[in-house]
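See structure below.
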Amino acid sequence: ACIGENGAGKSTMIKLLVGEIEPQEGDVWKHPNARVAYVAQHAFHHIESHLSKTPNEYIRWRYANNGEDKESLVKVTMQFTDAEMKLQKTPYEIQFVDDETGKISKVKKVVAELVGGRKINKSKDYEYEIRYAGSSVDSGEFLPAKTLKKMGWEKAMKAVDMKIAQRAGLYVRPLSTKNVEEHLEDCGLVREFGTHYRMSALSGGQKVKVVLAAAMWNQPHILILDEPTNYLDRESLGALAGAIETFDGGVVIISHNNEFCSKLCPETWVMDAGHLETKGDADWMLKQDTKIEAQEQITEVTDAAGNVTKLKAAKKKLSKKEEKALTKKVKNKIKNGEPLDTEEEEFAFEKDLL
Numbered sequence: 022a023c024i025g026e027n028g029a030g031k032s033t034m035i036k037l038l039v040g041e042i043e044p045q046e047g048d049v050w051k052h053p054n055a056r057v058a059y060v061a062q063h064a065f066h067h068i069e070s071h072l073s074k075t076p077n078e079y080i081r082w083r084y085a086n087n088g089e090d091k092e093s094l095v096k097v098t099m100q101f102t103d104a105e106m107k108l109q110k111t112p113y114e115i116q117f118v119d120d121e122t123g124k125i126s127k128v129k130k131v132v133a134e135l136v137g138g139r140k141i142n143k144s145k146d147y148e149y150e151i152r153y154a155g156s157s158v159d160s161g162e163f164l165p166a167k168t169l170k171k172m173g174w175e176k177a178m179k180a181v182d183m184k185i186a187q188r189a190g191l192y193v194r195p196l197s198t199k200n201v202e203e204h205l206e207d208c209g210l211v212r213e214f215g216t217h218y219r220m221s222a223l224s225g226g227q228k229v230k231v232v233l234a235a236a237m238w239n240q241p242h243i244l245i246l247d248e249p250t251n252y253l254d255r256e257s258l259g260a261l262a263g264a265i266e267t268f269d270g271g272v273v274i275i276s277h278n279n280e281f282c283s284k285l286c287p288e289t290w291v292m293d294a295g296h297l298e299t300k301g302d303a304d305w306m307l308k309q310d311t312k313i314e315a316q317e318q319i320t321e322v323t324d325a326a327g328n329v330t331k332l333k334a335a336k337k338k339l340s341k342k343e344e345k346a347l348t349k350k351v352k353n354k355i356k357n358g359e360p361l362d363t364e365e366e367e368f369a370f371e372k373d374l375l
C-alpha cells in the first residue's frame, strides 16, 4: 500500500511506475513479459467516452485487436524524442557473419521499423524483428536489443514487449460475449447490468466494477489501484478485499482508507514530500531472494525423449585484470576481422567496443 497526505507524491510515483511520466533521474524497469493493469484515481475516465456501450460491449471493444489493450494510455515514456528520431535515421554499422565461411562483413544500415516479432538468441537475450530502410524484405530479419537500443529504438522494443504480453493474456480465454458476461459477474456485476444496460445508466459503484473487470480481463501479473475505495459500498469493499487476498499476482494500492490497507498489505510505502519510506513486513522480498539463492543450480536438462542438454553456468564476474585482457583480445579480433564467439560478442556490446 502507498499512503501519504494529499500532495505528498503518491500518484506521481505510481505514474512513474506505469510510464505516464518520465523520471528526471534514475530508471524505471519492467520485465518485458509482465502485464500491468492500472485503475486511475478518477476511474471513470477509462469509460467516459463509451457510456453508450454496455459493459460487455466495452470490454470486447477494448481487447478486440488480438488482446491488445486499446485503453493503454499514449504514454510520454513511449513517445520518441528528437534525439532518438535522429539516431534512428543515422546509418549504424552492423556486423554480419556468413554461416558457411565464417567471414565477417560490416555494413551501415538504417532500421525503418520494428515489425512485431521477437525471439531469444544463444546468449539468452531478446532479438527483435525489423525492416531495414529501402529493403523489399518485410520480415525475417532480427537485431539484438543492445544494438537497437544504440540505434534509438528502445521505446519501440518496449511497445513490442507490451503487445506480446497482452496477447498472451488473451490465450487464456476467447473474447466472447458469454465469457465477458461471466467475467463481469465474477467482478460483482450481475448479467442483466453487464450485458443489457448502457453504462450511462449504471450507478457509480457499478461503473467502478466495470473498470476493475476491464482492467483484469487480460490476466495481469500486477494490479495498481489508485484510491479503489471511492464509490464502493461496504459490501463491495469487502468483496474487493477478499479478491485482493486471493489474487495470485502483485497488488499496489494507493488509498487514504488506512483500515482497508492495513488489513490487506504486509508492506506500506509512506510518501512524505516526495520521499518514500518503507514500513511493515518489508523483509518478505528479501526472504524470496534467499530462497532463490539457496536453490541448487541446474546444470543439465533431460527431455521426454531422453536427450540431455547441458546448461550454461551463471556468468562469473571478471576481475579488473581479466576484463582488461578480454578487452584487448576482443579489440584485436575486431581489428583483424576475426569472428567473435557468443560471450565475446556480448562483452563487446556491453563495453561499446562494436
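The sequence shown: position 200 = 221 (the numbering used here), numbered continuously.
Ideal placement from N, C-alpha and C gives every residue a C-beta, glycine not left out.
- Excluding five sequence positions before and after K184, the CB atoms of its chain that fall closer than 6 Å to its own CB belong to E89, given in chain order.
- Taking C-beta atoms as the reference points, L244 and A262 fail to come closer than 8 Å.
- Fully contained in the region 96-168 are the following beta strand (DSSP E) runs of length 3 or more, in chain order: 113-118, 125-130, 132-141, 147-153 and 162-165.
- Counting of Cβ neighbours within 10 angstroms places I141 among the exposed residues, the total staying below 16.
- Using a C-beta cut-off of 8 Å, the region 160-176 makes contact with the region 128-144, since at least three inter-stretch Cβ pairs fall below that distance.
- Secondary structure at L297: strand, using DSSP grouped into helix, strand and coil.
- Segment contact: the region 232-249 against the region 50-57, three or more CB-CB distances shorter than 8 Å; contact assigned.
- When the Cα atoms are used, C282 and P241 turn out to be separated by approximately 21 Å.
- Restricting attention to E371, A260 and Q227, the CA atom closest to the CA of N77 is found in Q227.
- It is roughly 28 Å from the alpha-carbon of K341 to the alpha-carbon of W50.
- About 5 Å separates the CB atoms of Q116 and K127; that is less than 8 Å, so the two are in contact.
- Comparing alpha carbon positions, the residue from C208, R139, V201 and Y153 closest to A186 is R139.
- Pairing K179 with M106 gives a Cβ-Cβ distance that is not under 8 Å.
- Inside the region 230-300, DSSP marks whole beta strand (DSSP E) runs of 3 or more residues at positions 243-247, 271-275 and 288-293, from first to last along the chain.
- Under DSSP, I24 takes part in a beta bridge, and its partners are V291.
- Burial is judged here by how many other beta carbons sit within 10 angstroms of a residue's own beta carbon; H71 has at least 16 and is buried.
- With contacts defined by Cβ atoms closer than 8 Å, I151 and V136 form a contacting pair.
- Taking all protein chains shown into account, T299 has fewer than 16 neighbouring C-beta atoms within 10 Å of its C-beta and is therefore exposed.
- For V49, there is no enclosing alpha helix (DSSP H), as DSSP marks it with neither H nor E.
- Under DSSP, V57 shares a beta bridge with I243.
- Within its own chain, the residues whose Cβ lies closer than 8 Å to the Cβ of E371, once the five positions on either side in sequence are excluded, are K167, listed in chain order.
- DSSP places Q62 outside both helix and strand once states are collapsed to three, so it counts as coil.
- Within the same chain, Cβ atoms closer than 8 Å to the Cβ of P112 are found at K129, K130 and V131, the five residues on either side in sequence being excluded.
- With a threshold of 16 other beta carbon atoms within 10 Å, A346 falls short and is exposed.
- T348 carries a helical assignment under DSSP once its states are collapsed to helix, strand and coil.
- Closest option to E134, judged by alpha-carbon separation, among D103, T122 and K176: K176.
- With fewer than 16 other CB atoms across the displayed protein chains lying within 10 angstroms of its CB, V118 is exposed.
- Taking every protein chain shown into account, the CB of G215 has 16 or more other CB atoms within 10 angstroms, so this residue is buried.
- Nearest to Y84 by C-alpha distance, out of L297, M220 and S197, is S197.
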